[in-house]
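Using our numbering, read the sequence shown as starting at 7 and increasing by one per residue.
Glycine included, each C-beta is placed from N, C-alpha and C at the ideal position.
All values derive from a computational prediction rather than experimental measurement.
So the structure is just underneath, and the comments pick up after that.
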Amino acid sequence: MSVFPTTRLHYVASDGCSRLLREAVDKMDNDIFELFLKYHFSTCEREDMVGITSNSLDIFRK
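This is the structure in structure tokens:
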């Protein structure tokens, strides 16, 4: 994207470590899943977390 006149807004690990915890996430009740989501949303843009994701989302402004 560096050749385009854009600004990166977010680079997000969209599934983060959930792929590693798939079975545990599937078994979570609503309260525990809400805690997991809070964790995920607080870490999904950390550079060290982006490397473990299977899917990432790169958001730019034109």
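In the structure shown, Thr59 adopts coil according to DSSP, grouped into three states.
Here Val56 is near Ala19, since their CB atoms are less than 7 Å apart. Looking at the DSSP output, Ile65 bridges to His16. Shown here, Cys23 sits in a helix according to DSSP, grouped into three states. A check of alpha carbon separations from Asp54 across Cys23, Lys44, Pro11 identifies Cys23 as the nearest.
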